[in-house]
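J.: Got a structure for you, questions after.
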Amino acid sequence: MNTFRTGTFGLWFAALSWGALGVLYFIDPHFMFDFYGIPLESANAMNMIRGVYGGNFLGIATLWVLGALKVRYRDAALLSMFVGMAGFTCGRSMSLLMDGMPTWQMLMWLGFEFSGALFSGYALSLGLARPTAWQGGK
Numbered sequence: 008m009n010t011f012r013t014g015t016f017g018l019w020f021a022a023l024s025w026g027a028l029g030v031l032y033f034i035d036p037h038f039m040f041d042f043y044g045i046p047l048e049s050a051n052a053m054n055m056i057r058g059v060y061g062g063n064f065l066g067i068a069t070l071w072v073l074g075a076l077k078v079r080y081r082d083a084a085l086l087s088m089f090v091g092m093a094g095f096t097c098g099r100s101m102s103l104l105m106d107g108m109p110t111w112q113m114l115m116w117l118g119f120e121f122s123g124a125l126f127s128g129y130a131l132s133l134g135l136a137r138p139t140a141w142q143g144g145k
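Residue numbers (our numbering): 8 to 145.
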């Protein structure tokens, strides 16, 4: 079966990207935030970055890997990708309107997140009738 049509291509791409970022946020939050020009100056900031960014990115990446490997989790994984990426896109778009033009790095993320929302929404539109774990699917 075509991996683009089933959504596995996007799930693998996003899982590997977010998984790598999650590991980087865990290992060296300073490196990640220096890239954006944002100083981290306290233990609380480091705790927040490792927990929220590192933990969240790795947790979501794990769900996306499950969705890529097992049909029964695919719709849940694609739905979480759509909701998450669309939420990021809305937040960044609101910031563009209210705060002005950010750096190129933030615009890069906006493009990545918008593309992820489009891809996952498209993949979901092709397969919502597929049996899911809650309906006895495999």
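All C-beta atoms, glycine included, are put in the ideal place defined by N, C-alpha and C.
This one's a predicted model, so the numbers in the text were calculated from it and none came from an experiment.
(1) Could you give the DSSP three-state label for Tyr-43: helix, strand or coil?
(2) When the Cβ atoms of the region 106-119 are set against those of the region 45-61, are three or more pairs found closer than 8 angstroms?
(3) Suppose you measure from the CA of Leu-125 to the CA of Met-88; what does that come to, to the nearest Å?
(4) Leaving aside the five residues before and after Leu-47 along the sequence, list all residues of the same chain whose C-beta is less than 7 angstroms from its C-beta, in chain order.
(5) To the nearest angstrom, report how far apart Arg-79 and Ser-49 are at their CA atoms.
T.: By the coordinates alone:
(1) helix
(2) no
(3) 10 angstroms
(4) Pro-36, His-37, Phe-40, Met-53, Ile-56
(5) 42 angstroms
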